[in-house]
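S.K.:
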Amino acid sequence: MKRKYLLHLFILTLSLSIFLGSVSSSYSQNTTSNFSSKQVVINEIKGYAQRHVDNNENMKTEVIIELYQDNTIGLTKVQIAEIYEKEYARLKEVKQTNSNSIWTQLPKGLYGWIVAGILLILLIIRDLIKECIKISIKNLSNWVYKQFSGTAFFEDIALKRYRQALIEKYEKLKIPFRPNYPLNMRTVYVPLKVSGSKEYKLIEVDHALKDYKRFVIKGAPGSGKSMFCRYLCLSYAEGKLNDLSDKPIPILVELHSLKESKLTVEILEKKLVQVCALNDFPKADRFITDGLKKGRLFLLLDGLDEVNFSLRAEVIEIIKTFIDTYEKCRVIITCRTAVYHNQFFDVVQQTLDIEDFRDKQIRDFLKAWKSQMSPGKSVEQLIEQLRKRPKIMELARNPLLLTMMAYLYTDTPFILPHSRIEFYQKATETLLELRDQIKNIRNEYEGKNKRHILQSLALYLSNFQQSDRREISYDTIINKLKEVLPDLNLSPSDTNPIIKEVCDRSGLLLRIDGG
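Spelled out as structure tokens, the structure:
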């Protein structure tokens, strides 16, 4: 009799062991690194197979192919499907075998039914318990991480989470007038052509990283300066900057966020700490101090032209002092051509001018839109239309304007005009009439009224703001709308809704720093 009870106890223990083992296995897969080595990607695919088998889900081959078809390690769709389906079939067979072996060992009679009932309850609540354990472990892990992320012991973990945050932040290119349909940064990014001020030599800006540690990039509005900085962050996060001998760690600072009236080197250092915190690396003070001294950091100072004019001279001097103080660090500064007057000539090695897109760059950029074009539309057709309209083709050599053309061609019945003025007029009209594409909600305000408001704001910026004409404060917009709305038979209560509609649907006004 004692042997019988011991056998039953062994069966229960074995069941719990299998159950807890599956929890441990599931959690360990969730912590697998998702960087770009082939084995890691294969393990991720197998991890999906494990979860689908554990949750009694059918094969989801098409979903897995869609998730990993843009991988950077050369796996084809057929290989992805084969890895997933083989692992799914193997795990399914193992699960079935384990299940059968347990049930066949159950004792007969009433006691057997009791044991079977207990096992059934365990199976029913297994997923709930697994999820609770996973959540508890995750919460505990996050709490510990937040307390100690700034220590040297946690640095590798912090950098891993920092890289993951950069991937999530920059892998999708969000388009202001197409917010619900971002593009994949990896496919839409086209290397910029630049020429040096000290010697005219046309190169790709990516190659300049190997030639210079400190340089300025200047170009026209919409030429791709900010996108380049974001692409660098994504490249670092995916291990694509490892060919640089110093293996730098990029930190992107949008300079318009520097609003301190008395900026200092110390405040700029704190700004770097804040950027890290925003990207899942809290308490990075020690890391920043150490990284600056040892030259581990790659400072991307984006948008000098967007710094308020009254603060710009001071910001320039602090940045120069900063570069001199931490001369081992890599630095890139971006600025609009019209605003940059060689203020950093004595602290950088080169000033690079972004060249207009060549025909090949235009074609490469448009390839990212190909899959989203409806039947009857194609990249070749759009390029042919541009060739027949030389004045519009010149506009298309600017990445921002080319993005607008690609969007209008892909998502609307818009037909490219032949003159620049007509293009701007039609593009503005189309963007102001955009509805919410996801919810199919019509605009509350007429396009002509929104156009009148934008014209009033543009006139104000032209007449009363001597500099920084690309930026206007939220309070100024509110005050101007109070003057304009009565002429449009609109009430003051329409102020915020109409601003929201212009920002969210047309993208012709953009919020910065919450204002």
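In mature numbering (1 follows the signal peptide of the UniProt record, and there is no 0), the protein residues as written are -20 to -1, 1 to 495.
C-beta atoms are modelled at their ideal positions from N, C-alpha and C, and glycine is treated no differently.
Would you call the region 161 to 168 in contact with the region 191 to 204, where contact means no fewer than 3 C-beta pairs closer than 8 angstroms?
M.R.: The region 161 to 168 makes no contact with the region 191 to 204: fewer than 3 CB pairs, one atom from each, lie closer than 8 angstroms.
S.K.: Cutting at 8 angstroms between CB atoms, please list the residues of its own chain near V482, excluding the five before and the five after it.
M.R.: Here residue 482 refers to the residue found at position 502 of the sequence shown. Closer than 8 angstroms at the Cβ level, and outside the excluded window around V482, lie L412, K430, I433, L434, L488 and L489.
S.K.: Just the C-alpha distance for Y150 and T77, rounded to the nearest angstrom, thanks.
M.R.: In the sequence shown, residue 150 corresponds to position 170, counting from 1. In the sequence shown, residue 77 corresponds to position 97, counting from 1. Whole-angstrom Cα-Cα distance: 44 angstroms.
S.K.: When the Cβ atoms of the region 324 to 344 are set against those of the region 188 to 199, are three or more pairs found closer than 8 angstroms?
M.R.: Contact holds: three or more Cβ-Cβ distances are below 8 angstroms.
S.K.: Any contact of the region 27 to 36 with the region 64 to 71, i.e. 3+ C-beta pairs under 8 angstroms?
M.R.: Enough Cβ pairs lie closer than 8 angstroms, so yes.
S.K.: With distance defined between alpha-carbon atoms, name the residue in K428, N423, I458 and Y425 nearest to Y440.
M.R.: On the sequence shown, residue 440 is found 460 positions in, with the first residue counted as 1. The residue with the shortest Cα to Cα distance from Y440 is I458.
S.K.: Measure the alpha-carbon distance for E402 versus K340 and round it to whole angstroms.
M.R.: By 1-based counting over the sequence shown, the position of residue 402 is 422. By 1-based counting over the sequence shown, the position of residue 340 is 360. Rounded to whole angstroms, E402 to K340 spans 26 angstroms at the Cα level.
S.K.: Excluding the five sequence neighbours on either side, which residues of its own chain have a C-beta within less than 8 angstroms of the C-beta of A61, listed in chain order?
M.R.: On the sequence shown, position 81 is the one that residue 61 refers to. Cβ neighbours of A61 within its own chain (closer than 8 angstroms, five residues either side excluded): T41, I44 and I45.
S.K.: Between L280 and L232, is the Cβ-Cβ spacing less than 7 angstroms?
M.R.: Within the sequence shown, residue 280 is the residue found at index 300, counting from 1. Within the sequence shown, residue 232 is the residue found at index 252, counting from 1. Yes. Within cutoff.
S.K.: Who pairs with T331 in a beta bridge, going by DSSP?
M.R.: The count along the sequence shown starts at 1 and reaches residue 331 at position 351. Answer is V196, bridged to T331.
S.K.: Please work out which residues of its chain come closer than 7 angstroms, Cβ to Cβ, to A407, disregarding the five sequence neighbours upstream and downstream, and give them in chain order.
M.R.: Indexing the sequence shown from 1 puts residue 407 at position 427. Apart from the 5 residues on each side of it in sequence, A407 sits with its Cβ closer than 7 angstroms to the Cβ of M384 and L388 in its chain, given in chain order.
S.K.: Can you tell me where the alpha helix (DSSP H) with G271 in it begins and where it stops?
M.R.: Taking the sequence shown and counting its residues from 1, one reaches residue 271 at position 291. Taken as a continuous stretch (DSSP letters only), the alpha helix (DSSP H) holding G271 covers D265 to K274.
S.K.: Determine the closest residue to K478 out of S453, V464 and Y425, with distance taken between C-alpha atoms.
M.R.: For the purposes of this step, residue 478 is taken as the residue at position 498 of the sequence shown. Before going on, a small fix: residue 478 reads as Ile here, not Lys. Comparing Cα-Cα distances from I478 to each of S453, V464 and Y425, the minimum goes to Y425.
S.K.: For T475, which residues in the same chain have their Cβ closer than 8 angstroms to its Cβ, ignoring the five residues on either side in sequence?
M.R.: What you label residue 475 is simply residue 495 of the sequence shown in a count that begins at 1. Around T475: I458, L461, K462 and L465.
S.K.: List in chain order: all unbroken alpha helix (DSSP H) runs of 4+ residues lying wholly within the region 371 to 412.
M.R.: 379 to 391 and 400 to 412
S.K.: Does the Cβ-Cβ distance between F261 and A138 come in under 7 angstroms?
M.R.: Position 281 of the sequence shown, counted from the first residue, corresponds to residue 261. Position 158 of the sequence shown, counted from the first residue, corresponds to residue 138. In this structure, A138 lies closer than 7 angstroms to F261 by Cβ.
S.K.: Alpha carbon to alpha carbon, how far is residue 496 from T456?
M.R.: Residue 496 falls outside the range modelled here, since the chain spans only -20 to 495, and no answer is possible.
S.K.: If we require 4 or more residues per run, which alpha helix (DSSP H) segments fall completely within the region 111 to 183?
M.R.: 135 to 150 and 165 to 168
S.K.: Kindly list the residues whose CB is nearer than 7 angstroms to the CB of S436, restricted to its own chain and excluding five residues on each side of it in sequence; keep chain order.
M.R.: By 1-based counting over the sequence shown, the position of residue 436 is 456. Once the five neighbours on either side are set aside, the close Cβ partners of S436 are K460 and V464.
S.K.: Helix, strand or coil: which one does DSSP assign to C315?
M.R.: By 1-based counting over the sequence shown, the position of residue 315 is 335. Looking at C315 - three-state DSSP - the assignment turns out to be strand.
S.K.: Among D34, V21 and I63, which residue has its Cα nearest to the Cα of D50?
M.R.: Looking up residue 50 in the sequence shown gives position 70. The option with the nearest alpha carbon to D50 is V21.
S.K.: In chain order, what residues of the same chain lie with their CB nearer than 8 angstroms to the CB of G130, ignoring the 5 residues before and after it?
M.R.: Here residue 130 is taken as the residue at index 150 of the sequence shown, counted from 1. The answer, listed in chain order, is A138, P262, K263, A264, D265, R266 and F267.
S.K.: Keeping to the same chain, check which residues put their C-beta closer than 7 angstroms to that of Y64; ignore five residues upstream and five downstream.
M.R.: Residue numbering aside, residue 64 sits at position 84 when the sequence shown is read from its first letter. So the list reads I25, Y28, A29, T41 and I44, once near-sequence residues are dropped.
S.K.: Can you tell me whether DSSP reads E240 as helix, strand or coil?
M.R.: The sequence position of residue 240 within the sequence shown is 260, counting from 1. Three-state result, E240: coil.
S.K.: The alpha helix (DSSP H) with F325 in it runs from where to where?
M.R.: As a first step, residue 325 is located in the sequence shown; it is residue number 345 there, counting from the start. From DSSP, F325 is part of no alpha helix (DSSP H); its letter is neither H nor E.
S.K.: Can you tell me whether N259 is buried or exposed, with buried defined as 16 or more other CB within 10 angstroms of its CB?
M.R.: Position 279 of the sequence shown holds residue 259. Result: buried.
S.K.: Check for me: the alpha helix (DSSP H) holding E249 runs from which residue to which?
M.R.: Position 269 of the sequence shown, counted from the start, is the residue given in the question as residue 249. From DSSP, the alpha helix (DSSP H) with E249 extends over V245 to L258.
S.K.: Does the Cβ of E111 have 16 or more other Cβ atoms within 10 Å, making it buried, or fewer, making it exposed?
M.R.: Here residue 111 refers to the residue found at position 131 when the sequence shown is read from its first residue. By the neighbour-count rule (16 or more Cβ atoms within 10 Å), E111 is not buried but exposed.
S.K.: Would you give the residue range spanned by the alpha helix (DSSP H) that F345 belongs to?
M.R.: As a first step, residue 345 is located in the sequence shown; it is residue number 365 there, counting from the start. Here the alpha helix (DSSP H) through F345 covers D339 to K347.
S.K.: Please report how far the alpha carbon of K480 lies from the alpha carbon of R158, in whole angstroms.
M.R.: As a working mapping, residue 480 is identified with position 500 in the sequence shown. As a working mapping, residue 158 is identified with position 178 in the sequence shown. In a straight line, the C-alpha of K480 is about 15 angstroms away from that of R158.
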